[in-house]
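Undergrad: To start, I am sharing the structure in question, which I have written as structure tokens.
Right, dumping it as structure tokens:
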């Protein structure tokens, strides 16, 4: 992430770009190199101009020199040679009167003359012809020759085909002194060897007889060149400056573009950073342990819960292979499982329905459940594991199992108790009943009336006890003897119940009727008992007039509501709830004999079938008992 | 038709409770039936009686066994199991006469091929009526295994 987010809002000031430019080392370096190149270019130009001046001067001097030589040769061959034979004197002092106009200058003399004439022009060079073998009239001049003349003579006698030159400052002007060897030509040999004043008479063709020096002033050429150079430099500087401006503009523009990009990147980065922050916060806050793993199985991220669960610190896990948390025996297998997951990554759960273990830092193995989710990022495919600690759940399951076992045992004991009650309580009861009846039968009238009454009460008590035991057994059997749920036609149930109550109904001249009744899912014998108890109660508590009982059913959508309606003595409202409690009786045994278990059995049966039971009643106006049975299979 | 015209019917009562024995005996007496009621007080004695072992050498083979379920030493379930297994005894009709009305017991006894399962009523009058019906049925209606 860039640390340079000084001005994340708005554009930078225009000068800021330039300041930035100057601060940028690369730009400064490039600028310096550019300026250096400019300097080198200008320096090169100056150099080239100087060389041009010199080479121009050189070739001019060469042409000058060649022109003089050519002219002299021509003069010698075409003029001197012809006129020599017509008594024309050829001499250096041809303008002396003694020759009466019949004399012409020596070629060398003429050369000197021409040279001197040309030297009078501003641009003209000066010429000099000198020799180690001077004619007498020039001896003086030879003796006063300067160092260049000496050097040139020496160099050119050595290498007559070369030229010798040097630049010198003379009288405030810069000069090129250009010297070539003056060779003895065929047309000259005769004259020179025969001339009376000749200092040397054994000349051969090709001998170096002297040096022709042409001196050319350079200052005018230099001035011209400097003028050119100035313009050229101005041009160069203009181009360079323009280049610099373009360079700065382009760089500035690039900088702005890059600044804009940087700004966008910063913005996006900060967005990503806050998104990541949110992600991290969410992961940290998760109640489950979360571990992010990459394709190699290395841990990339864990949350606090994962640290807590496995007992490692953050740094101890990051970068480690996930198998550090897997029991050692399973590690190899886990790696292949992990590879499989990356081959076909889709969310799944591990350890569902079987015991999966994780290993803590202290070696403790804990039961866990793992959810795996593949996460595709631009860094590749990761897997996000959500790990839930099942230790508590396991403990609770164990506790629940223990409790269930205890409950089952308790139920078993209750069953046992019921059985004991059925057999062991009834056995002595039978004895009491039996012997009481023997007394009644065998000693009726033999004892006094009070004894007879005692015996009658004893027999009555025993019979009541017998009913109590039977009812209690029925009550306890509702749970234990619930047969598997089956389709039961309530019309048949009704018929069975009425059949069982036949005697009671007949005795009271009762009328029992029903509407159409549905078929439900349940335990047939229990439903018969339910119906029998409710109709039986209705018949029993009929009051002074014969009982009238009506059974109907209503479709409540998801359940059936069955109503058993009577027009009997009714039940006070405050008893509507407690009447379903076991042993709860609203009447004395003399009024209505009973055990107080019947409705408790009804409620148990209804609850066992997943329904509800209640009643609506007004004292003296009759009672309607309702119960529901869900339509779904039990 | 009474197949026992020439002799009284032999009934073996297997019952541990003295009172019950008394009441049953009284039931038979008052019904004025031609029945010899023999009594043993547990399953082990019952098997010795049936096999005529020890002091039971001279007893007759019963025509009907009235077997209680819950007894010390050897209970009715074991007795019935053993009778069914014994080739010489397996033809004997065995009526379970008990105060237990547990469904499981009823199922189990019929699975062991008991001849009938009867719940002892508490009321003596009912009981007496039951004994009357029982003897009528077994000794007048039913054809018992012929004597050898």
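Protein chains in written order, with the working numbering: chain W, 1 to 634; chain G, 635 to 782.
All residues carry an ideal CB built from backbone N, CA and C; glycine is no exception.
1) Would you mind sorting residue 296 of chain W into buried or exposed? The rule is 16 or more other CB atoms within 10 Å of its CB.
2) Just the Cα atoms here: how many angstroms apart are residue 570 of chain W and residue 431 of chain W?
3) Does any residue of chain G have a CB that is nearer than 8 Å to the CB of residue 437 of chain W?
4) To be precise: take each residue of the stretch 456–481 of chain W, compare its Cβ to all Cβ atoms of chain G, and keep it if any distance is under 8 Å. Which residues remain?
5) Would you mind stating whether residue 565 of chain W and residue 510 of chain W have Cβ atoms separated by less than 8 Å?
6) Taking 8 Å as the cut-off, does the stretch 278–287 of chain W touch the stretch 361–378 of chain W (at least 3 CB pairs, one atom from each stretch)?
7) For the stretch 74–140 of chain W, list the beta strand (DSSP E) runs that are entirely contained and at least 3 residues long, ordered along the chain.
8) Got a sec, what are the start and stop residues for the beta strand (DSSP E) residue 213 of chain W sits in?
9) Determine whether the Cβ of residue 431 of chain W lies closer than 8 Å to any Cβ atom of chain G.
10) Is residue 532 of chain W close to chain G? Criterion is C-beta to C-beta, closer than 8 Å.
11) In three-state terms, what does DSSP make of residue 410 of chain W?
12) Check whether chain W comes within 8 Å of residue 657 of chain G, counting only Cβ atoms and requiring the distance to be less than that.
13) Which residues of the stretch 751–769 of chain G have a Cβ closer than 9 Å to any Cβ of chain W? Give them in chain order.
14) Quick check: what's the CA-CA separation for residue 461 of chain W versus residue 412 of chain W?
15) Per DSSP, which one or two residues make a beta bridge with residue 487 of chain W?
16) Can you tell me which of W:280, W:245, W:143 puts its alpha carbon nearest to the alpha carbon of residue 303 of chain W?
17) State yes or no: is the beta carbon of residue 651 of chain G nearer than 8 Å to at least one beta carbon in chain W?
18) Mind checking if residue 742 of chain G is an interface residue toward chain W, Cβ cutoff 8 Å exclusive?
19) In the DSSP assignment, the beta strand (DSSP E) including residue 772 of chain G goes from what residue to what residue?
20) With distance defined between alpha-carbon atoms, name the residue in W:489, W:136, W:166 nearest to residue 148 of chain W.
21) So residue 662 of chain G is in the alpha helix (DSSP H); what residue range does that whole segment cover?
22) Taking the alpha carbon of residue 306 of chain W as the point to measure from, which residue in W:319, W:325, W:294, W:195 has its own alpha carbon closest?
23) Helix, strand or coil for residue 545 of chain W per DSSP?
24) Check residue 390 of chain W in the structure and name its three-state DSSP category.
25) Per DSSP, residue 350 of chain W forms a beta bridge with which residues?
26) Quick one: using the 10 Å Cβ neighbour count with 16 as the cut-off for buried, is residue 529 of chain W buried or exposed?
27) For chain G, find out if any of its Cβ atoms is closer than 8 Å to the Cβ of residue 434 of chain W; answer yes or no.
28) Measure the alpha-carbon distance for residue 514 of chain W versus residue 561 of chain W and round it to whole angstroms.
29) Which same chain residues end up closer than 6 Å to residue 649 of chain G when comparing Cβ atoms and leaving out the 5 residues on each side of it in sequence?
30) Tell me which residues share the same chain as residue 670 of chain G and place their Cβ nearer than 8 Å to its Cβ, disregarding the 5 neighbours each side in the sequence.
31) Based on Cα-Cα distance, which residue from W:237, W:439, W:486, W:627 lies nearest to residue 554 of chain W?
32) Tell me which same chain residues have a C-beta within less than 7 Å of the C-beta of residue 630 of chain W, skipping the five on either side of it?
33) Do the stretch 234–242 of chain W and the stretch 58–78 of chain W make contact, defined as three or more Cβ pairs closer than 8 Å?
34) For a minimum of 3 consecutive residues, which ranges assigned as the beta strand (DSSP E) are wholly contained in the stretch 277–338 of chain W?
35) What's the call for residue 153 of chain W, buried or exposed, on a 16-neighbour Cβ count within 10 Å?
36) Below 8 Å on the Cβ atoms is my guess for residue 733 of chain G versus residue 466 of chain W; work out the distance and round it to an integer in Å.
TA: Quick look at the numbers:
1) Taking the first residue of the first chain as position 1, residue 296 of chain W is located at position 296. Exposed.
2) As a position in the first chain, residue 570 of chain W is number 570, starting the count at 1. As a position in the first chain, residue 431 of chain W is number 431, starting the count at 1. About 39 Å.
3) Here the question's residue 437 of chain W lines up with position 437 in the first chain. Residue 437 of chain W has a beta carbon lying within less than 8 Å of a beta carbon in chain G.
4) Taking 8 Å as the Cβ-Cβ cut-off, the stretch 456–481 of chain W approaches chain G at 462, 463, 466, 473, 481, given in chain order.
5) The residue given as residue 565 of chain W occupies position 565 in the first chain. The residue given as residue 510 of chain W occupies position 510 in the first chain. Residue 510 of chain W sits away from residue 565 of chain W, with the two beta carbons spaced by 8 Å or more.
6) No contact exists between the stretch 361–378 of chain W and the stretch 278–287 of chain W.
7) Fully enclosed beta strand (DSSP E) runs of 3 or longer: 89–91, 103–105, 126–130.
8) Indexing the first chain from 1 puts residue 213 of chain W at position 213. Run containing residue 213 of chain W: 208–217, per the beta strand (DSSP E) assignment.
9) Translated into the one-based positions of the first chain, residue 431 of chain W becomes position 431. True, the Cβ-Cβ gap to chain G drops below 8 Å.
10) Numbered from 1 along the first chain, position 532 holds the residue referred to as residue 532 of chain W. With 8 Å as the cut-off, residue 532 of chain W does not count as an interface residue toward chain G.
11) Within the first chain, the letter at position 410 stands for residue 410 of chain W. Note: residue 410 of chain W maps to helix in three-state DSSP.
12) The count along the second chain starts at 1 and reaches residue 657 of chain G at position 23. Taking Cβ atoms only, chain W reaches closer than 8 Å to residue 657 of chain G, which makes this a yes.
13) 754, 755, 756, 757, 758, 759, 761
14) One-based indexing of the first chain puts residue 461 of chain W at position 461. One-based indexing of the first chain puts residue 412 of chain W at position 412. Whole-angstrom Cα-Cα distance: 30 Å.
15) Here residue 487 of chain W corresponds to residue number 487 of the first chain, with the count starting at 1. Paired residue(s): W:521.
16) Position 303 of the first chain holds residue 303 of chain W. Of W:280, W:245, W:143, the residue nearest in Cα terms is W:280.
17) In the second chain, residue 651 of chain G corresponds to position 17, counting from 1. True, the Cβ-Cβ gap to chain W drops below 8 Å.
18) Residue 742 of chain G sits at position 108 when you count from the first residue of the second chain. No, residue 742 of chain G does not count as interfacial toward chain W.
19) One-based indexing of the second chain puts residue 772 of chain G at position 138. No beta strand (DSSP E) contains residue 772 of chain G, which DSSP labels as neither H nor E.
20) Here residue 148 of chain W refers to the residue found at position 148 when the first chain is read from its first residue. The shortest C-alpha separation from residue 148 of chain W is found at W:166.
21) The sequence position of residue 662 of chain G within the second chain is 28, counting from 1. Counting along the chain, the alpha helix (DSSP H) containing residue 662 of chain G begins and ends at 652–664.
22) Taking the first chain and counting its residues from 1, one reaches residue 306 of chain W at position 306. Cα-wise, what sits closest to residue 306 of chain W is W:325.
23) Translated into the one-based positions of the first chain, residue 545 of chain W becomes position 545. Three-state DSSP puts residue 545 of chain W in coil, outside helix and strand.
24) Taking the first chain and counting its residues from 1, the one referred to as residue 390 of chain W is at position 390. Note: residue 390 of chain W maps to coil in three-state DSSP.
25) Mapped onto the first chain, residue 350 of chain W falls at position 350. In DSSP, residue 350 of chain W forms a bridge with W:370.
26) Taking the first residue of the first chain as position 1, residue 529 of chain W is located at position 529. Buried: at least 16 other Cβ atoms inside 10 Å.
27) Counted from its first residue, the first chain places residue 434 of chain W at position 434. For residue 434 of chain W, the answer is yes, since a Cβ of chain G falls inside 8 Å of its Cβ.
28) Sequence index remark: in the first chain, residue 514 of chain W carries index 514 (1-based). Sequence index remark: in the first chain, residue 561 of chain W carries index 561 (1-based). C-alpha separation (whole angstroms): 14 Å.
29) Here the question's residue 649 of chain G lines up with position 15 in the second chain. So the list reads 655, 702, once near-sequence residues are dropped.
30) Against the second chain, residue 670 of chain G aligns to sequence position 36. Cβ within range, chain order: 642, 643, 644, 645, 694.
31) By 1-based counting over the first chain, the position of residue 554 of chain W is 554. Residue W:627 is the option with its Cα nearest to residue 554 of chain W.
32) For this step, residue 630 of chain W is matched to residue 630 along the first chain. Cβ within range, chain order: 558, 559, 610, 611.
33) Output reads no: the stretch 58–78 of chain W does not touch the stretch 234–242 of chain W.
34) 289–293, 299–302
35) Your numbering for residue 153 of chain W matches position 153 in the first chain. Counting C-beta atoms within 10 angstroms of its own C-beta, residue 153 of chain W has 16 or more neighbours from the protein chains shown and is therefore classed as buried.
36) Against the second chain, residue 733 of chain G aligns to sequence position 99. Against the first chain, residue 466 of chain W aligns to sequence position 466. Actually they do not touch by this definition, with Cβ atoms about 11 Å apart.
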